[in-house]
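First the structure, in the form of structure tokens, and then the observations on it.
There are 2 protein chains.
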Amino acid sequence: MKLTSKGRYAVMALVDLARFDNINPVSLRDISLRQGISLDYLEQIFSKLKKNEIVKSIRGTQGGYVLNKNPNDIKLTNIFNAVDEKVKTVQCKKESKKGCNGKATKCVTHNLWDELEVHINTFFENKSLKDLLNNNKETRV
Amino acid sequence: MKLTSKGRYAVMALVDLARFDNINPVSLRDISLRQGISLDYLEQIFSKLKKNEIVKSIRGTQGGYVLNKNPNDIKLTNIFNAVDEKVKTVQCKKESKKGCNGKATKCVTHNLWDELEVHINTFFENKSLKDLLNNNKETRV
DNA sequence: ACATACCTGACCAAAATGGTCAAGTTTAGA
DNA sequence: TCTAAACTTGACCATTTTGGTCAGGTATGT
Ligand code: FES
Ligand code: FES
């Protein structure tokens, strides 16, 4: 049960972006240097964030990325969905009536994992980018 | 962010065991058949559960495994620890002052992941094997 | 025109996952 | 005493996921 670095980097990068995008777009190169994330990898991540309308891109010299929404309206849920960091606790297909192991009914632990999934998703839905910014004010450059 | 099948199977097997161990020890073969888990794999899992004193083994014909504690005293936390299903959300080493990416200070998202870890662990600490048994009474054979 | 920075997709090594296989040892019961 | 059931141990392995790199583009401000 661990977080992948794609999800982790996405949030790191967006926090960085949110801090610096007041005036100009922020280039991935800058984020890469400040946060220590490979540029090529960041491009993959931002491509997805863009498709999900969390950021906008501005091409050309002095270009970069800008938030597409208010930090208060960007929930962790949105970010995670965008980069395919899904919370998956059950083994079976949820829609199906069948259980894991191909059994005809849901297994004895199915409800448990489902509860856990809800529990974790609740956390993500209640956290916005704004919350993270406030949390780290004191370390602001 | 997903659960591994080792953790999932461990809980499944223990629920099965808790249901049937009233009179006699339960053999892994039976659990394997009822829950559709490979026997060889179950053996790996139960070896760990035994080391962590969650179950006791009884060798020989008619042998098997028995719970070593009251179902009410077996928390999911205990089970997960036993089979090395750890909740790991931060990237860095917790004890260290250093952050991930080898930086000198903790990264901007460190607190967030730490909160998440606590949030998930709380769930595991508040669930016991007993809770699962009650939940599934109606499907009892 | 040219440098900057976004964009796209193929590719890949290493680690984790989810097991299998083989060869035991122990003990109840016929 | 013999044997089969069931625990015990440890090596092994194919597949998938992870966490990227690399090699080319294309768009645009100056
Ligand atoms: S997890 Fe859904 S049936 Fe087992
Ligand atoms: S996760 Fe701990 S420093 Fe980044």
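Which chain is which? The protein sequence lines are A and B, in order.
Going by the numbering used here, the residue at position 52 of the first sequence is 67; the numbering climbs one at a time, nothing skipped.
Going by the numbering used here, the residue at position 110 of the second sequence is 125; the numbering climbs one at a time, nothing skipped.
Where a beta carbon is used, it is the ideal one built from N, C-alpha and C, also for glycine.
Cα-Cα separation between B/Leu18 and A/Met16, rounded to whole angstroms: Within the second sequence, the letter at position 3 stands for residue 18 of chain B. Within the first sequence, the letter at position 1 stands for residue 16 of chain A. Between B/Leu18 and A/Met16, the C-alpha separation is close to 5 Å.
Nearest-angstrom Cβ-Cβ length linking A/Ile135 and A/Val102, presumed shorter than 8 Å: Reading the first sequence from its first residue, position 120 is the one you call residue 135 of chain A. Reading the first sequence from its first residue, position 87 is the one you call residue 102 of chain A. Confirmed, about 5 Å.
Chain B within 8 Å of A/Gln106, Cβ atoms only: Sequence index remark: in the first sequence, residue 106 of chain A carries index 91 (1-based). It does: the Cβ of A/Gln106 has a partner Cβ on chain B nearer than 8 Å.
Alpha helix (DSSP H) runs contained entirely in the stretch 32-101 of chain A, provided each spans 4 or more residues: 43-50, 54-66 and 91-97
A/Lys74 versus A/Gln106, A/Pro40 and A/Ile60, residue with shortest Cα-Cα distance: On the first sequence, position 59 is the one that residue 74 of chain A refers to. Note on residue identity: the sequence assigns Arg, not Lys, to residue 74 of chain A. Out of A/Gln106, A/Pro40 and A/Ile60, A/Pro40 has the C-alpha closest to the C-alpha of A/Arg74.
Through-space distance from A/Lys108 to B/Phe35, alpha-carbon basis: Here residue 35 of chain B is taken as the residue at index 20 of the second sequence, counted from 1. Here residue 108 of chain A is taken as the residue at index 93 of the first sequence, counted from 1. Going from the Cα of B/Phe35 to the Cα of A/Lys108 covers about 28 Å.
A/Lys103: CB within 7 Å of a non-hydrogen atom of ligand 1: In the first sequence, the residue the question calls residue 103 of chain A occupies position 88. Flag unset: Cβ of A/Lys103 not near ligand 1.
Enclosing alpha helix (DSSP H) for A/Asn141 [first to last residue]: The sequence position of residue 141 of chain A within the first sequence is 126, counting from 1. That residue, A/Asn141, is in no alpha helix (DSSP H); it is neither H nor E in DSSP.
Where B/Lys118 sits in the DSSP three-state scheme: Here residue 118 of chain B refers to the residue found at position 103 when the second sequence is read from its first residue. Here DSSP, grouped into helix, strand and coil, assigns B/Lys118 to coil.
Simplified DSSP assignment, three categories, for B/Lys21: Numbered from 1 along the second sequence, position 6 holds the residue referred to as residue 21 of chain B. In the structure shown, B/Lys21 sits in a helix (DSSP, three-state: H, G or I).
Cut-off 8 Å between Cβ atoms - residues of its own chain near A/Leu57, not counting five sequence neighbours on either side: Position 42 of the first sequence, counting from 1, holds the residue named residue 57 of chain A. So the list reads Tyr24, Ala28, Leu43, Ile46 and Ser47, once near-sequence residues are dropped.
Partners in chain B for A/Ser20, counting only beta-carbon separations shorter than 8 Å: Numbered from its first residue, the first sequence carries residue 20 of chain A at position 5. Within chain B, the residues near A/Ser20 are Gln106.
Beta-carbon contacts of B/Lys63 that lie in its chain and below 6 Å, excluding the five residues immediately before and after: Here the question's residue 63 of chain B lines up with position 48 in the second sequence. Ala97 and Val98, listed in sequence order.
Proximity test, Cβ basis, 8 Å: A/Phe138 and chain B: The sequence position of residue 138 of chain A within the first sequence is 123, counting from 1. Chain B, which has a Cβ nearer than 8 Å to the Cβ of A/Phe138, makes this yes.
Any chain A beta carbon closer than 8 Å to B/Leu43: Here residue 43 of chain B refers to the residue found at position 28 of the second sequence. So no, B/Leu43 is outside the interface.
Whole-number beta carbon distance between A/Ile60 and A/Leu144, since they are thought to touch under 8 Å: One-based indexing of the first sequence puts residue 144 of chain A at position 129. One-based indexing of the first sequence puts residue 60 of chain A at position 45. Not really, about 15 Å apart at Cβ, beyond 8 Å.
Residues bridged to A/Lys103 [DSSP beta-bridge criterion]: Position 88 of the first sequence, counted from the start, is the residue given in the question as residue 103 of chain A. For A/Lys103, which the question treats as bridged, DSSP gives the partners B/Lys17.
Cβ neighbours of A/Leu148 in the same chain (closer than 8 Å, five flanking residues each side left out): The count along the first sequence starts at 1 and reaches residue 148 of chain A at position 133. Val30, Ala33, Arg34 and Pro86.
Beta-carbon contacts of B/Asn93 that lie in its chain and below 8 Å, excluding the five residues immediately before and after: Counting from 1 along the second sequence, the entry for residue 93 of chain B is found at position 78. Cβ within range, chain order: Asn67 and Ile69.
A/Val26, DSSP secondary structure in three states: Reading the first sequence from its first residue, position 11 is the one you call residue 26 of chain A. Residue state, collapsed to three classes: helix.
Inter-residue Cα distance where the pair is B/Val123 and A/Leu127: Indexing the second sequence from 1 puts residue 123 of chain B at position 108. Indexing the first sequence from 1 puts residue 127 of chain A at position 112. Rounded to whole angstroms, the gap between the alpha carbons of B/Val123 and A/Leu127 is 32 Å.
Any non-hydrogen atom of ligand 1 within 7 Å of B/Thr51 CB: Along the second sequence, one-based indexing puts residue 51 of chain B at 36. Sequence check: residue 51 of chain B is Gly here, not Thr. Because no heavy atom of ligand 1 lies under 7 Å away, the Cβ of B/Gly51 does not count as near it: no.
Buried or exposed by the 16-neighbour rule on C-beta atoms within 10 Å, applied to A/Thr154: Position 139 of the first sequence, counted from the first residue, corresponds to residue 154 of chain A. With a pLDDT of 45 at A/Thr154, under the threshold of 50, the predicted position of this residue should be treated as unreliable, though the coordinate-derived value follows. So A/Thr154 counts as exposed.
Top-ranked residue by Cα proximity to A/Ile52, from A/Gly22, A/Gly78, A/Glu110 and A/Lys121: Residue 52 of chain A sits at position 37 when you count from the first residue of the first sequence. Here the closest residue by C-alpha is A/Gly22.
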